[in-house]
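So the structure is just underneath, and the comments pick up after that.
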Amino acid sequence: MTVPLLATASILLLFEIPNEPAGQDTGLVVAYNSTNEAELAMATWKNWAGNQIAHPLSIEKPRDERAVAQIVRTASDQGEKVKVVGSGHSFTSIALTNGRLISIDALSGIASVDSATKRVTVHAGTTLADLNVLLDGLGLALPNLGDITYQTVAGAISTGTHGTGQHLTGLAGQVVGMRFINAMGEVVEANESTNPEILRLGRVGLGALGVLTQLTLQAVLAFHLRAVETPMRVDKLLEEIEMHVNTNDHFEFFWVPHTGWALTKRNNRTDDAVSPQPAARRWIDKVLIENYGFGAVCAVGRMRPQWIPRLAKALPSSGGREYVDTSYKVFASTRLVKFYEMEYSIPRAHIVDALNEVRTMVDRRGHLLNFPVEVRFTKADDMALSTSYGRDSAYIAVHIYKGMDYVPYFKDVEAIMKTHQGRPHWGKLHFRTAQDLAPAYPLFDQFVKLRNQMDPTRTFANEYTDRVLDGSHV
Ligand SMILES: Cc1cc2nc3c(=O)[nH]c(=O)nc-3n(C[C@H](O)[C@H](O)[C@H](O)COP(=O)(O)OP(=O)(O)OC[C@H]3O[C@@H](n4cnc5c(N)ncnc54)[C@H](O)[C@@H]3O)c2cc1C
Numbered sequence: 042m043t044v045p046l047l048a049t050a051s052i053l054l055l056f057e058i059p060n061e062p063a064g065q066d067t068g069l070v071v072a073y074n075s076t077n078e079a080e081l082a083m084a085t086w087k088n089w090a091g092n093q094i095a096h097p098l099s100i101e102k103p104r105d106e107r108a109v110a111q112i113v114r115t116a117s118d119q120g121e122k123v124k125v126v127g128s129g130h131s132f133t134s135i136a137l138t139n140g141r142l143i144s145i146d147a148l149s150g151i152a153s154v155d156s157a158t159k160r161v162t163v164h165a166g167t168t169l170a171d172l173n174v175l176l177d178g179l180g181l182a183l184p185n186l187g188d189i190t191y192q193t194v195a196g197a198i199s200t201g202t203h204g205t206g207q208h209l210t211g212l213a214g215q216v217v218g219m220r221f222i223n224a225m226g227e228v229v230e231a232n233e234s235t236n237p238e239i240l241r242l243g244r245v246g247l248g249a250l251g252v253l254t255q256l257t258l259q260a261v262l263a264f265h266l267r268a269v270e271t272p273m274r275v276d277k278l279l280e281e282i283e284m285h286v287n288t289n290d291h292f293e294f295f296w297v298p299h300t301g302w303a304l305t306k307r308n309n310r311t312d313d314a315v316s317p318q319p320a321a322r323r324w325i326d327k328v329l330i331e332n333y334g335f336g337a338v339c340a341v342g343r344m345r346p347q348w349i350p351r352l353a354k355a356l357p358s359s360g361g362r363e364y365v366d367t368s369y370k371v372f373a374s375t376r377l378v379k380f381y382e383m384e385y386s387i388p389r390a391h392i393v394d395a396l397n398e399v400r401t402m403v404d405r406r407g408h409l410l411n412f413p414v415e416v417r418f419t420k421a422d423d424m425a426l427s428t429s430y431g432r433d434s435a436y437i438a439v440h441i442y443k444g445m446d447y448v449p450y451f452k453d454v455e456a457i458m459k460t461h462q463g464r465p466h467w468g469k470l471h472f473r474t475a476q477d478l479a480p481a482y483p484l485f486d487q488f489v490k491l492r493n494q495m496d497p498t499r500t501f502a503n504e505y506t507d508r509v510l511d512g513s514h515v
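Just so you know, my numbering puts 342 at position 301 of the sequence shown, and the rest follows in order with no gaps.
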């Protein structure tokens with residue numbers, strides 16, 4: 042294996058690791074619901090990446106929907122703000138509030154199942170990790186997932202979280218019903234027969250319409266995936282990109298900056314029995330090398346950025362892989378190495394030009410990057426604020442190791458994405474405002490109208506929604 046090949050494979054393999062407990066290193070830092078003024082003043086919440094910190098008025102943990110409605114009504118009456126947090130896995134300030142912060146961990150699990158239609162109603166605070174296991178027990182699964190499963194169902198849907206697959210939408214596209222508490226404290230139901238317009242407009246809702254309490258998801262029969270991971274020269278890969286996307290159920294790749302290599306991942310449905318990697322080999326590959334090794338290399342790169350291009354070429358590798366496993370075990374990985382991320386959706390047909398422009402820009406601007414660039418694909422959908430609204434999409438995700446300055450690189454990438462009709466992931470860092478986002482979403486105004494009905498008092502607003510929905514910070 043050549044040195045660049047080692048780098049390609051290793052950085053990418055290092056990038057995905059077995060599951061860790063949900064919400065690790067995220068959430069309540071000091072006190073919540075305290076009556077002690079001093080403790081309350083110190084109540085703190087932070088996100089997974091540690092780049093967003095909130096000092097809310099209170100942190101509340103309602104045990105049921107009625108308690109949620111009561112908190113919302115009281116807050117609205119008193120002119121206070123309310124924000125629900127999921128698992129804190131957004132990189133943006135989307136979940137921050139200086140008002141009442143609600144954690145709905147208690148609203149977890151499956152409420153009901155319709156086995157004939159394979160529709161499952163889940164409590165909104167259920168994590169995807171828990172849901173996967175519960176569904177598996179019923180012989181069901183979600184048709185697609187992103188890279189991790191620590192997120193809550195509500196949080197993932199609210200920001201337009203997605204995986205990869207040319208015939209599949211993001212997770213919100215699997216929602217066929219939702220139930221939430223609006224700013225007046227009323228229960229709102231939306232499904233194909235009741236309030237279908239709210240369903241269409243509000244699934245990717247940025248937490249701006251109300252507090253989701255239940256979601257009904259269209260599941261599928263449980264299935265196995267064959268995962269094949271191989272390095273390729275990135276130029277060759279881009280020449281053949283249509284073929285790769287078209288001939289695989291779930292295709293993605295990671296380009297390793299400072300090298301001409303990419304690691305490809307092909308996940309395809311199979312009737313074959315599971316044949317996961319042997320446990321010891323998996324631990325060495327995915328925990329020892331991919332986690333601690335990658336973390337160490339990133340830490341060295343942060344101290345000595347000028348070494349990054351050489352480090353990228355000198356990492357150890359466990360080579361390519363092929364295995365068969367239950368779908369959610371293939372989709373989901375662990376992220377022990379902390380980073381900051383920005384991700385842009387562009388029309389699928391733009392992927393080759395856009396990625397090549399990023400590659401050229403990285404060389405020209407001299408960015409030193411120790412994280413790969415991830416590329417994925419999804420099908421068009423009809424959800425108002427979905428980044429895939431109305432177009433088959435490609436996604437370009439860029440990362441910077443925690444503690445390093447992401448602004449210059451992300452701004453340079455964003456400038457390129459804007460020339461390709463780019464739409465930023467709502468949960469990942471970006472610098473856009475309502476003024477320039479609105480033209481990118483044909484149903485933007487309709488979403489704002491719905492928001493005016495559901496939250497006329499802007500009880501669910503925060504600085505992020507002000508910036509991306511109101512334009513008041515433009
Ligand atoms: C390591 C890592 C990997 C990731 N991988 C992917 C990926 O593969 N694909 C992808 O698309 N994204 C990915 N993301 C982004 C992530 O999926 C989203 O940011 C997602 O929103 C996080 O869900 P959460 O439960 O942590 O929600 P939070 O970040 O806590 O909240 C997100 C938003 O949802 C709102 N919200 C939460 N619960 C409710 C509720 N009950 N009612 C109303 N609003 C609510 C919050 O108010 C907030 O506005 C990744 C993030 C990380 C850190």
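Heads up, the beta-carbon is just placed ideally off N, CA and C, and yes, glycines get one too.
Worksheet entry | Residue nearest to residue 516 in terms of C-alpha spacing, selected from 164, 145, 159 | Here the chain covers residues 42 to 515 and nothing more, so residue 516 does not appear.
Worksheet item: Helix, strand or coil for residue 259 per DSSP?
Response: If DSSP states are grouped into helix, strand and coil, residue 259 belongs with the strands.
Fill in: ligand 1 heavy atom lying under 7 Å from the CB of residue 253
Yes, the beta carbon of residue 253 sits closer than 7 Å to at least one heavy atom of ligand 1.
Worksheet item: If you draw a straight line from the C-alpha of residue 174 to the C-alpha of residue 447, how long is it?
Response: Approximately 36 Å between the Cα atoms of the pair.
Worksheet item: For residue 439, which option in 449, 430, 433 has the closest C-alpha, if you only look at C-alpha atoms?
Response: Check the Cα spacing between residue 439 and each of 449, 430, 433: the tightest is with 449.
Worksheet entry | Three or more C-beta pairs below 8 Å linking the region 292-300 and the region 414-424 | Verdict: yes, contact present.
Worksheet item: Contact check, residue 519 vs residue 249 under 8 Å by CB: the rounded distance?
Response: Residue 519 cannot be examined here, being either before or after the span of the chain that is shown, 42 to 515.
Discussion item. Using DSSP's beta-bridge definition, name the partner residues of residue 280.
Written reply: Answer is none; residue 280 lacks a bridge partner.
Discussion item. Please report the straight-line C-alpha distance between residue 500 and residue 123, rounded to a whole angstrom.
Written reply: Between residue 500 and residue 123, the C-alpha separation is close to 6 Å.
Worksheet item: If you follow the beta strand (DSSP E) that residue 409 is part of, which residue opens it and which one closes it?
Response: For residue 409, there is no enclosing beta strand (DSSP E), as DSSP marks it with neither H nor E.
Fill in: Extent of the continuous beta strand (DSSP E) run through residue 241
Taken as a continuous stretch (DSSP letters only), residue 241 belongs to no beta strand (DSSP E), being part of the alpha helix (DSSP H) at 237-243.
Worksheet item: Counting Cβ pairs closer than 8 Å, one from the region 208-225 and one from the region 382-400, do we hit at least three?
Response: Result no; under three Cβ-Cβ pairs closer than 8 Å.
Discussion item. Would residue 183 and residue 258 be called neighbours here (beta carbons separated by less than 8 Å)?
Written reply: In this structure, residue 258 lies closer than 8 Å to residue 183 by Cβ.
Worksheet item: Along the chain, where does the alpha helix (DSSP H) that runs through residue 485 open and close?
Response: Residues 485-495.
Item to complete: Helix, strand or coil for residue 499, going by three-state DSSP, please let me know.
Response: Assignment of residue 499 by DSSP, reduced to helix, strand and coil, places it in the coil class.
Discussion item. Considering only DSSP beta bridges, list what residue 309 is partnered with.
Written reply: Under DSSP, residue 309 forms a beta bridge with 267.
Worksheet item: Helix, strand or coil for residue 458 per DSSP?
Response: Residue state for residue 458 is assigned as helix, using DSSP reduced to three classes.
Item to complete: Give me the Cα-Cα distance between residue 490 and residue 304, rounded to the nearest whole angstrom.
Response: In this structure, the alpha-carbon of residue 490 lies about 44 Å from that of residue 304.
Item to complete: Locate the beta strand (DSSP E) running through residue 142, then write down its first and last residues.
Response: In this chain, the beta strand (DSSP E) harbouring residue 142 covers 141-144.
Worksheet entry | Coarse secondary structure for residue 449, derived from DSSP in three states | In this structure, residue 449 counts as helix in the three-state DSSP scheme.
Practice prompt. Can you tell me which of the three DSSP states residue 153 falls into?
Written response: The three-state reading of DSSP puts residue 153 in strand, counting E and B together.
Worksheet item: When the Cα atoms are used, what is the spatial distance from residue 112 to residue 136?
Response: Distance from the CA of residue 112 to the CA of residue 136, rounded to the nearest whole angstrom, comes to 17 Å.
Practice prompt. Mind checking who residue 218 pairs with in its DSSP beta bridge?
Written response: Note: residue 218 sits in a beta bridge opposite 232, 257.
Worksheet item: Which residues in the same chain as residue 457 place their Cβ atom closer than 7 Å to its Cβ, once the five residues preceding and following it in sequence are excluded?
Response: Closer than 7 Å at the Cβ level, and outside the excluded window around residue 457, lie 395, 398, 399, 402.
Fill in: Range covered by the alpha helix (DSSP H) that runs through residue 117
Note, residue 117: alpha helix (DSSP H), 106-119.
Worksheet item: Span of the beta strand (DSSP E) holding residue 438?
Response: For residue 438, the enclosing beta strand (DSSP E) starts and ends at 434-442.
Fill in: Neighbourhood of residue 117 by C-beta, 6 Å cutoff - its chain only, sequence neighbours within 5 removed
When the five nearest sequence neighbours on each side are left out, the beta carbons in the same chain lying within less than 6 Å of the beta carbon of residue 117 are those of 224, 498, 500, in order along the chain.
Worksheet entry | Nearest to residue 453 (by Cα), restricted to the options 289, 213, 493, 471 | Checked all of 289, 213, 493, 471; the closest Cα to residue 453 is 471.
Discussion item. Can you tell me whether residue 125 sits near ligand 1, meaning its C-beta is under 7 Å from at least one heavy atom of the ligand?
Written reply: Answer for residue 125: yes, Cβ within range of ligand 1.
Item to complete: Work out the CA separation of residue 493 and residue 476 for me, nearest whole Å.
Response: C-alpha separation (whole angstroms): 18 Å.
Worksheet item: Taking Cβ positions, are residue 253 and residue 170 nearer each other than 8 Å?
Response: In this structure, residue 170 does not lie closer than 8 Å to residue 253 by Cβ.
Worksheet item: With 16 other CB atoms within 10 Å as the buried threshold, where does residue 280 fall?
Response: Looking at its Cβ environment, which holds fewer than 16 other Cβ atoms inside 10 Å, residue 280 is exposed.
Item to complete: Indicate whether at least one CB of chain B lies closer than 8 Å to the CB of residue 92.
Response: Going by chain labels, chain B is absent from the structure shown, which holds only one protein chain.
Worksheet item: According to the Cβ coordinates, are residue 428 and residue 464 closer than 8 Å?
Response: Result yes, Cβ atoms of residue 428 and residue 464 sit closer than 8 Å.
Item to complete: Decide if residue 62 is buried, meaning its Cβ has at least 16 other Cβ atoms within 10 Å, or exposed.
Response: Here the model assigns residue 62 a pLDDT of 37, short of 50, so the residue's position is not dependable and the matter cannot be decided.
Practice prompt. Could you tell me whether the Cβ atoms of residue 181 and residue 260 are closer together than 8 Å?
Written response: Yes, Cβ-Cβ distance for residue 181 and residue 260 is below 8 Å.
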